[in-house]
Amino acid sequence: MIRRMATDPIPQFPAGFLWGVSTSAHQIEGAADERDRSVWDAFTAEPGRVKDGSTAEVACDHYHRYPEDVALLADLGVGAYRFSISWPRVNAPKGLDFYDRLVDELCAAGVRPVPTLFHWDLPVALDWLDRDTAARFAEYVTVVAERLGDRVRKWITVNEPAEHTLLGHALGTHAPGRKLLFDALPVAHHQLLAHGLAVRALRAAGATDIGIANSHGPTWPASGEQADLEAADFYDLLLNRLFADPLLLGRYPDGIGELMPGDVQADLKVIAEPLDFYGVNYYAPTRVGAPQGTEIEFGGVSMPAELPFSVRQIDGVPTTDFGWPVVPEALTELLTGFRERYGDRLPPIVITENGCSYEGIDDQERIAYLDGHIRALHRAVEAGVDVRGYFVWSLLDNFEWAEGYARRFGLVHVNFEDSAALTRTPKASYGWLRDVLRAQG
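Under my numbering, think of the first position of the sequence shown as -8, with each following residue one higher.
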């Protein structure tokens, strides 16, 4: 693949296509003593929660080193930077001042700021099981929009509510560490409601380019047997349709709405506020079959035996250092499938995350991964899917949640062994992407 890439350039995307990279506040900012505590601070303080015992108290120290990181963005040549705003930092005195400085630095460098307003770091005093948290979120969004809205044009409300619900509240492998299984469904509803209220708050502040970042991937049944087909359909409902249907169709999939709290029909009118773009975080497809009656570990997540499905390995494809299958063509399948499912209810799509975990600075595997997925994205565009942008995850190696610093997703290597220096070293993939962007013009 690498030899082919040397002579076969990435196809040209439409004029105005937005190229960017993504990060999140808790994973890179550090400066934990200059913000309020989040559920992730409480989670990582519990022994055994993070595999290497680390925390994000310092992380990449982006809070103090952001000019260096913005210079990396400018040199890379991206048009936009997707970062997240820490709600606990905004709650602290002068917390918004940091984002003022960051946005100014980005604008001066010619990089469009694209903030995400919630990326899992909920203030520790709040709880997504509580409906009132959605209202508190809208209040926080109003404060941020009033401060930054004169320079920020493109907004993302919530990042991956599916993972925050499943991993944080159903399976307990992420903060806040609850194991509620299907009793976690109110968390999904309240995050979606928070999104809708945030859209209204942003509109009131004058915003005209608003979306969400939902994680999606094709679900492949383990076989043609009826039990495997039914298990795969249920998994697809939980991870894909549960979080897309309310936003795009104004309704939950059959059988789900009655499990949600409150006046669901009234809430759905808020949840389905029109979007200007639909953000998709894509990493891999999932192969799913009938339950096997035993707990299994898959992709760093413990899957309980009582779930009505089991996640299986996808044979015959390479995997990342995280064990995730590398299947670029599944991105084309996902996007064309979404267009078929939602039709004219689907707004323009932006790939808000796509990336992989590999060790090493000469990261040829990451180059191959990105090359394959960018080409797969172009095939979706050729097939008529309205895709407006692509963001690589991630600019920097970072605190990878429950994996700590054991997984490296960055285009830029960060030396975590020297916490004083935290030296940034662009990887081979950084140089490769810079060349791709220059060729795109």
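Positions of the beta carbon are idealized from the N, C-alpha and C atoms, including for glycine.
Per DSSP, the bridge partner or partners of aspartate 200: Lys145
First through last residue of the beta strand (DSSP E) which encompasses serine 348: Neither: serine 348 is in no beta strand (DSSP E) and is coded neither H nor E.
Run of the alpha helix (DSSP H) containing alanine 33, from where it starts to where it stops: 30 to 35
Burial state of arginine -5 (16 or more Cβ within 10 Å): Summary for arginine -5: the model assigns pLDDT 43, below 50, so the residue's position carries little reliability; its value from the coordinates is reported in the next sentence. Exposed is the call here.
One or two residues paired with tryptophan 384 in a DSSP bridge: Ser13
Own chain partners of aspartate 335 with C-beta closer than 8 Å, once the 5 adjacent residues on each side are dropped: none
Cα-Cα separation, tryptophan 384 to glutamine 256: 35 Å
Whole beta strand (DSSP E) elements within the segment 245 to 318, 3-residue minimum: 269 to 272, 277 to 280, 287 to 289, 292 to 294, 301 to 303
At least three beta-carbon pairs within less than 8 Å, the segment 186 to 194 to the segment 252 to 267: yes
Through-space distance from arginine 144 to glutamine 431, alpha-carbon basis: 23 Å
The segment 159 to 168 / the segment 293 to 302 touching (three or more Cβ pairs under 8 Å): yes
Exposure label - proline 276; buried when at least 16 CB within 10 Å: buried
contact_flag[the segment 406 to 418, the segment 331 to 347] where n(CB pairs < 8 Å) is 3 or more: no
Counted within 10 angstroms of its Cβ, other Cβ atoms place phenylalanine 4 as buried (16 or more) or exposed: buried
Residues bridged to arginine 73 [DSSP beta-bridge criterion]: Ser13, Val105
Cα-Cα separation, phenylalanine 382 to isoleucine 352: 20 Å
Tyrosine 226 versus serine 75 - alpha carbon distance: 28 Å
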